[in-house]
Each structure stands twice: as C-alpha cells, then as structure tokens.
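Residue numbers (the numbering used here): 823 to 1592. By construction, the Cβ of each residue, glycine as well, lies at the ideal position given by its N, Cα and C atoms. Reviewing the structure listed below.
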C-alpha cells in the first residue's frame, strides 16, 4: 500500500522573494493559508500538453515570419513602434470628482462626458482585504511569478479553444497585459498590437512592482454601470469604501470585469450570473490556497447586502441649482487663479478626481427646495394662471450670519422640480429691478451712516416733480397712491414712502455717495446716477444673490463678505488646488448704523403699518428676531423680500420671466414673495434657539418727540425711544420747542359794585342788551 501520509504537503513551488514576503505578511495579518493539493496525473499531463502546444505556436509564428522573409525584422519593427508607457497620461483621466456639503456629506459626483465614475485609491488601503487574491485567482493565477506574459496561460487558452470548437473558456492575458490595455486603450486585435502589448507588459513589469501594477489595475478595471475601478464599484454596489470589503464582496466584484454587461448586479439576470461567477471565484481562491475550507463554506452561505439608495451621478442625475453654481464658480476660479484655459478647466473639474468642499447646508437646501415645490405658494388660483403664456417663477438665496458669514447655505433658481442641469438659475443669472428693497442699501443705510439723517428726522410726504424729462408730471408716486404729510424716517421706511426716499437721495445724500455704498456691498452700478435708483429703477437690475449678499452686511455689524459657495478644491493627489477662504471683510457701515437699520426694518415686519406685516405679522419663529424690506416694481412685475434673522440672511424674488411678453403679477399672488420667504425660513429655523442681534455699546437711546424729532419734553403729545448712531449731525440735542407749557388764562380783575342813578337797570343808549 502506498503511504498517502507522505503526500500531505506538496513539493515546494519556486517562489521569488516577493512571494515569500507576501506569504509572511499574510500570515502576520492572520489570513489562513494551506498547501494546495497535489497535482493529479491528468492535470500534469494537461500542463505538459500546454507546454508542447505553446512551443509549437511559437515555432509556427517564427516559421511564418521566416518564410515570409520578415522574421525578426518584423518583430523588431513591432517592438520599436510600440512606444513607451506614459504613466502621467492616465493618472487623473476620467477620475470622478466628488462634491461635498459643509458637513462633509457627498451631494454629487461628476463623471465627465463619458459618464465614468472612477475614484483613485492606493493599493495599500485595500491590501488587508482579499481583493488582490480574488482578482489573481480568477484572472491571473501566476501574477506574482510571471514577467508580464504567461506562456502557460496562453497555451491553456489555445487548448480550451481547440477543445471547445474555437471558443476559449478563459483568456490568455495576464493582469499586467490587461493593465496595459486599460492604460493605452488599444483593443489588441491584430498581431502587431498583440506583440506590442506583450512588449509593454514586460516593460511595465520592469518599471513597476507587482503591488504597483495591482494598484493601476484596481483603479482602471471596468466594473459595469459606469463604475471604473474598485472604489467606485464598492460604493456603488455595497455603499462602502473598498477598504471595508469582506471576502464575499471581494469575490463578487472580482468576477464582474470578465463581462460587465453579463454580470451586471443591477439587473435580475445579471445578478444571478454575477452570483454564479462569485462562487466560481471563491472556488478558485480555495483551490489555490488563498482561503481555508471553513472560510470557503462560510462565504458560500453569506448573504450579500447591496446598496439601497442610488448615487447622485451627474451623467444620470439632475443636480441642484446650488451644485450647478458651484461647478461654474470652480471653473471660473481655475481660470482666474490657476491660469487654466476655459476648456481645460471644465475638463479638469469633471475628470480629474477633485474633491470640492462646498458651503451648502443640506438641511437648509432641502428646506427651500420643499418650499419651491409647493404650488399654492406660487399660484394662488391655478385656473387664472392656466391661460397665461407662462407660469410665475422665483428664486431664493440663503446666507449664513452667525458662523462663517458670507457662506451660501442654500440656493434655488426656479419654481418646481428642476428639469435639467445648467438650466436658467434665476438666483444668479436673472437681473431684475429691485423696487423698494433697494432703499436700505442706497438711501437709508448710507444716509444714516454719514450722519445726515437719523431714524427720527422728519420729512414731508408730499407731491414732487422730480422727473427731469417730464417736469409737469408728479414723480415719484407712492404705493398706495396717497400723501400723508409729515413723518419721520422710521415710519417712511416702514411704510415704504417713495417721496421721502427720493428727497433724501436727491437733496441730502447724492448719487455719488449712494453708488459708492452700493459698490462696497457687491452691487456695482457705476454711472446710474439718477433719482430713480433711490426707488429701485436701474437700467441693470440685481440678482437674488447680489441682494442677499448686500443685505447680509446689516446682519454682520456692517461688514461685507462677498458670498461664496465653496471653501476648497483638493486635487486627485490630496493637494489643495484652490483655497477659497474669503479675504478680510470690508467695513461698509459702522456697527451702530447696521444695528439701527436692523431695528428700523424690524418695524417693517412687526408694525401694523409695515409692508411685510400683513403676511409675517411677527418674528418668523417665536423669539428669533426677524427684520427685512419688501420690494415691488412698476405694474407689479417683480416682488421681493430681503430679510434676516440672527442665523441667516435670505432673499426671495417672485415674478415672471417675461420671455413671451410682459406679465403682471396677479392680484392674488402679490404677497407670494413674503409667503415663500416665510415658509422657507420657518422650515430652516425649526428647532433653533431664540436669538436677537447684539446691540453695540455705542448706540444711543434717546426719548424723542414724534412730531418734532427733538428730545421730548414733558409736554410732548407723542414720544418714543429711538436709536441713534453716536456723533451724527442730525442727532437731537435740544428739547422740543414745538410743545411747551400751556399759557395760563388771565384772571379778570374783581370790580367792586357801585351805586347808579338808574336802579331799574335800563340799557344806556347805543348798547344792545340782547
């Protein structure tokens, strides 16, 4: 009887030092190893036959070349024209760019024009998994041993083709050869290209270590469904990073590249095929001693858990207006700051594996998107809108106040579901007349800051003729069209009186100062120096983003920070390509001016006379201070509300695009800008703590007479406590002279009675006693 005990361990196989080190490393990691089974006699015969066939093929090829008179010269020609491998040409090619929100959550990934989702990873991050063993088992059993091409594998492929009537059960290409094809994109169907592939595979082996070749392979291998490389496939199929893959998941993914369309896990048939393929991979790993019997059995009985939520890919998904804007801003920044050409900047953003860190707060963005999908906030009476050439639209921008002032937290550029990428974003691209919402920025704020008026200064709401072209026509008019006589600046802003804003701009402030202040808050309209701008009448209108950024200056103690939507762009190697940290903010208003303006605009919301009171009525959320200003343009073509809380500044525009003619906002929809703002801000502030703006210590509080704007005395009929910017020339310093102590009525002298000669009381002549 033969002694079978002696066959427990097969003869040692020839291994390079790399293989020995790898085995030691695997044992130190605790991965089980065991010796492969002895080669059976049929397998030994088969291997010998493969060698014979391989040798015969080589002889025939050489003979063919020799007989043709070409021989080594043709082979040399193929090799010399093969060229060298360029490792830089594909380093960032078609690598997925990730876009993150402010909390680091992925909000979109850019897959380029080819819709390829690829994310480079280092092999060291997945070396502790079974992914390399799985690929080696199914694709290239002798990967760690061959010099780039494997004659035994080529012979085996030819033999299987002969046995199966011309159809091989496996390919002859090694992982190194496959990597060459993935790097060069060549299909290798001709004899010349196959020879060049062999040459480049050997060249690659000479230039890179086995681990480096494996890293190239796992980052370039197609994994189906637009996923290229291991990392994107791991996230796409299992919702995890490649470094977290278990044995079964590694075997599953390793089986896909052979035929990604056949082994497509996202179809019912493809999933069945992929699971069968996975069991084959596990069997090969077991047969080749990569996993133990126990691991093999457990793996066969392990259920895979696939990703349930779809990824947001730009090739297949519609991005938010915010993401569209981020992409445009990053491209512009690459051109301006890094010297990219416009086409190259676009290619880089979509294909170079950037990580773009944005300022978006996904909670805020979701809230305003919900508001903009709410029909009754945009269309009060749908039957009236049905016959119009277009539906009403709108836009909204939300900017942070408390933390990181200037960061855009949310943006929507249109009503309803977004229907495509890079469609009209009204928040940044639609220039609309701002109406009275401009008054705090180009009239009241500058005039108070320069000290030429105070909230208590009294003007007369009266008929004016300020139109130089039509001097006989009343201009401006109020809305409603009435004139109410004397009132102070606070009440003029609260009621949005056009006449008083025009008087301040024309007679006290002046266009030069007004436009300078506008420019400092990011609205450059140099040259538009005419009285109508005090009321929002510009040749070039404003965007929603411009108005939000300008208004945020009041909420941030008079400091202007240009709104920004991203903080950093990291390249594929982890280097900071763009740092978008804002420069130091510009002080536009004194802190005291900003606070006084906030306090005045609070009345717009909470005072019964305020133009926003009919909708907002009070603070947006109980205990969260709310202020702002409405805006309406001629013939009700545009409606605005620009407002703030201590947490956020937000601006809403509502109206029609007017692409098919001028459309007036319907009567029932005239308050929709306010209603949209209220709904969105209520969602955003849900759960936030009560908050108010801090009053600067320099703000003066004085009790003044409403009628005279002087310091109130004990005889003033109506008085109020008012806020003042210290040092302003219009601040009251004297007691009211309009009201004084009443003049006492003189007491008539007492006349002593005297006797007369007419005791009967007859009336003297010439007098009437009646």
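- Per the coordinates, the alpha-carbon of residue 1480 lies some 9 Å from the alpha-carbon of residue 1214.
- If you draw a 10 Å sphere on the C-beta of residue 922, you find 16 or more other C-beta atoms in it, and that means buried.
- Within the same chain, and ignoring the five residues on either side of residue 1274 in sequence, the residues whose Cβ sits closer than 6 Å to its Cβ are 1330.
- Residue 1355 and residue 1277 have their C-alpha atoms some 21 Å from each other.
- Across the set 1379, 1460, 1463 and 1439, the C-alpha of 1379 shows the shortest separation from the C-alpha of residue 1520.
- Assignment of alpha helix (DSSP H) within the region 1258-1299, counting only whole runs of 4 or more residues, yields 1267-1271 in chain order.
- Collapsing the DSSP output to three states places residue 1541 in a strand.
- One alpha carbon belongs to residue 931, the other to residue 1265, and they sit about 44 Å apart.
- Remark: C-beta atoms of residue 1386 and residue 1413 do not approach each other more closely than 8 Å.
- Rounded to the nearest whole angstrom, the C-alpha separation of residue 1177 and residue 1152 is 11 Å.
- Taking a C-beta distance under 8 Å as the contact criterion, residue 1063 and residue 1051 do not qualify as a contact pair.
- Approximately 12 Å separates the beta-carbon atoms of residue 1077 and residue 1043; this is outside 8 Å, ruling out the contact.
- Cβ contact annotation for residue 1167 (same chain, cutoff 7 Å, sequence separation greater than five): 1153, 1156 and 1157, in chain order.
- Using a C-beta cut-off of 8 Å, the region 1491-1509 makes no contact with the region 1362-1380, since fewer than three inter-stretch Cβ pairs fall below that distance.
- A distance below 7 Å between beta-carbons, with the five flanking residues on each side excluded, links residue 1537 to the following residues of its chain, in chain order: 1561, 1562 and 1563.
- The C-alpha of residue 958 is placed about 10 Å away from the C-alpha of residue 1036.
- With contacts defined as CB atoms closer than 8 Å, residue 1545 and residue 1402 fail to qualify as a contacting pair.
- Short of 7 Å from the beta carbon of residue 1450, and not among the five residues preceding or following it, lie these beta carbons of its own chain, in chain order: 1423, 1426, 1427, 1434, 1463, 1464, 1465 and 1466.
- For residue 1067, the closest of 1388, 976 and 955 by C-alpha to C-alpha distance is 955.
- By the Cβ neighbour-count rule, residue 944 is exposed, with fewer than 16 other Cβ atoms within 10 Å of its own.
- Just measuring C-alpha positions, the residue of 1172, 1445, 1398 and 1377 sitting nearest residue 1418 is 1377.
- Of all alpha-carbon atoms in 1180, 1468, 925 and 1101, the one lying nearest the alpha-carbon of residue 1144 is that of 1180.
- When C-beta atoms of the region 1184-1192 are compared with those of the region 1228-1247, three or more pairs fall below 8 Å, so the two segments count as touching.
- Short of 6 Å from the beta carbon of residue 1548, and not among the five residues preceding or following it, lie these beta carbons of its own chain, in chain order: 1520 and 1522.
- Just so you know, the alpha carbons of residue 1147 and residue 1309 end up roughly 44 Å apart.
- Under the three-state reduction of DSSP, residue 1460 is assigned to strand.
- Between residue 1110 and residue 953, the alpha-carbon positions lie close to 15 Å from each other.
- Excluding sequence positions up to five before and after residue 1383, its CB lies within less than 6 Å of the CB of 1227, 1228, 1404 and 1407, all in the same chain and listed in chain order.
- For residue 1001, the enclosing alpha helix (DSSP H) stretches over residues 997-1006.
- Boundaries of the alpha helix (DSSP H) around residue 1150: 1143-1160.
- The DSSP-derived three-state label of residue 1558 is coil.
- Your pair residue 1445 and residue 1460 does not check out as a contact, with CB atoms roughly 32 Å apart and the cut at 8 Å.
- Spatial neighbours of residue 1074 in its own chain (CB-CB distance under 7 Å, excluding positions within 5 residues in sequence) are listed in chain order as 1096, 1100 and 1126.
- In the DSSP assignment, residue 1215 forms a beta bridge with 1477.
- In the displayed model, residue 1546 falls within a strand according to three-state DSSP.
- If you look at residue 1074, you'll find it in the alpha helix (DSSP H) that goes 1069-1076.
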